[in-house]
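See structure below.
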Amino acid sequence: MAYTNSPLASLRHISPNRSSPRERSIDRISIHCVVGQCFAETLGNVFAPVSKGASCNYGVGCDGEIILVVEEKDRSWCTSSPSNDSRAVTVEVASDTFEPYAVRTKAYEALLDLVTDICRRNGKTKLLWFGEKERSLAYVPQETEMVMTVHRWFENKSCPGAYLFERHGAIAEEVNRRLRGEPAQEVPPAPLPDTEHLYRVRRAWADAASQKGAFSVLENAKKCAKENHGYTVFDESGAAVFDPGFQPYTVRTVCDVLNIRSAPTTAGRITGQIRDKRLYTVTEEADGTGSEKGWGRLKSGAGWIALDWVKRAE
Ligand SMILES: [Zn+2]
């Protein structure tokens, strides 16, 4: 069949990152989260450089505007899986930059319209969401069926984010209702993330800019803190609820001579020097003038070294 593109896309910025034509006919839809509340135009720009090495068929901006980035006749490079992309229409949706990567109501409404339109134009009367990788990938869809797949099944990443992932069932339900010719249901406003009860992972409560993520599930916040050295989990009142604790680590210097000082500052008295490339163990860290990355206390007790001048051993 001849491929068409969605008339709902009001913008067009075709990416060079594509395979033309796609190798298989369309029977999948893969919805992604952008990790950024950007406009559709920005999405077009993001996928424009060859160096980006990625693309999508459509982008949905935070205000619901839709951009065509790769025509449906071509394969986008989106899901870390050529075999999936060769049969999928891929859609990137503007989202928050942190868990659960929430999507604004306008973008969510536009996504429902777009997915419905993609199904319709491609002769599909049913959108299927199995919620499970093996079953979804093994399923052989009938001519009139479209299967939903997600990026996280092909690469170790959160995409499409908990927010969209948890709504895949609802998206299929609403799209199917429309495909059956039933009137579109009023889309409930996408609830904002429950910011009242989020666990935030930061270096310090006052340092909001250092935030690595905000999680509704404490275990997920703990995992994030463990993976990011120097980070603590705070509850909504700012109380530290989990500090993975300092893990000593070993370093090698990246300069010829590194001073050891009595205190974590260049004002500290020099108590020795490191002139070799042996491994040294850091057992404590502190902020202090003269080293942007802070200072590390040597296990030997000799004093503190500037972390700007060392590299962590693997
Ligand atoms: Zn993705």
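Just so you know, we're using my numbering here: the sequence shown kicks off at -16 and counts up by one. Virtual Cβ for every residue (Gly too), placed ideally from N, Cα, C.
Alpha helix (DSSP H) segments (min. 4 residues) lying fully within the segment 20 to 87: 23 to 29, 65 to 68
Count the C-beta pairs between the segment 67 to 77 and the segment 17 to 24 that are closer than 8 Å, then say yes if the count reaches three, no if not. These segments touch.
Of the choices 131, 63, 282, whose alpha-carbon is the least far from that of residue 138? Here residue 138 refers to the residue found at position 155 of the sequence shown. Closest by alpha carbon: 63.
The segment 183 to 191 in contact with the segment 208 to 222 per 3-pair CB rule at 8 Å: yes
C-alpha distance - residue 120 paired with residue 132, whole-angstrom precision: Residue mapping note: residue 120 aligns to position 137 of the sequence shown, counting from 1. Residue mapping note: residue 132 aligns to position 149 of the sequence shown, counting from 1. Cα to Cα, the separation comes out at about 8 Å.
By alpha-carbon positions, which one of 238, 245, 275 ends up nearest to residue 260? Here the question's residue 260 lines up with position 277 in the sequence shown. Of the listed residues, the one whose Cα sits closest to residue 260 is 238.
Is residue 143 near ligand 1, with its Cβ less than 7 Å from a heavy atom? Numbered from 1 along the sequence shown, position 160 holds the residue referred to as residue 143. Flag set: Cβ of residue 143 near ligand 1.
Candidates 255, 280, 67, 161, of which the one nearest residue 116 by Cα: As a position in the sequence shown, residue 116 is number 133, starting the count at 1. The candidate whose alpha carbon is nearest that of residue 116 is 67.
Given residue 291, which residues of its chain have a CB within under 6 Å of its CB, disregarding the five upstream and five downstream residues? Residue 291 sits at position 308 when you count from the first residue of the sequence shown. Correct list, in chain order: 274, 275, 276.
Below 8 Å on the Cβ atoms is my contact criterion, and I expect residue 235 with residue 262 to pass it. Report the Cβ-Cβ distance as a whole number of Å. Numbered from 1 along the sequence shown, position 252 holds the residue referred to as residue 235. Numbered from 1 along the sequence shown, position 279 holds the residue referred to as residue 262. Between residue 262 and residue 235 the Cβ distance is about 6 Å, and since that is below 8 Å, they are a contact.
Straight-line gap, residue 254 to residue 287 (C-alpha atoms, nearest Å): Position 271 of the sequence shown, counted from the start, is the residue given in the question as residue 254. Position 304 of the sequence shown, counted from the start, is the residue given in the question as residue 287. Their Cα atoms are separated by approximately 9 Å.
Length of the line joining the Cα atoms of residue 267 and residue 279: Within the sequence shown, residue 267 is the residue found at index 284, counting from 1. Within the sequence shown, residue 279 is the residue found at index 296, counting from 1. Near 6 Å, if we compare the C-alpha coordinates of residue 279 and residue 267.
Heavy atom of ligand 1 within 7 Å of residue 134 beta-carbon: Stepping through the sequence shown from its first residue, residue 134 is reached at position 151. Yes.
If you pair each beta-carbon of the segment 53 to 61 with each one of the segment 79 to 98, do three or more pairs fall below 8 Å? Remark: fewer than three beta-carbon pairs, one from each stretch, lie closer than 8 Å, so the segment 53 to 61 and the segment 79 to 98 are not flagged as touching.
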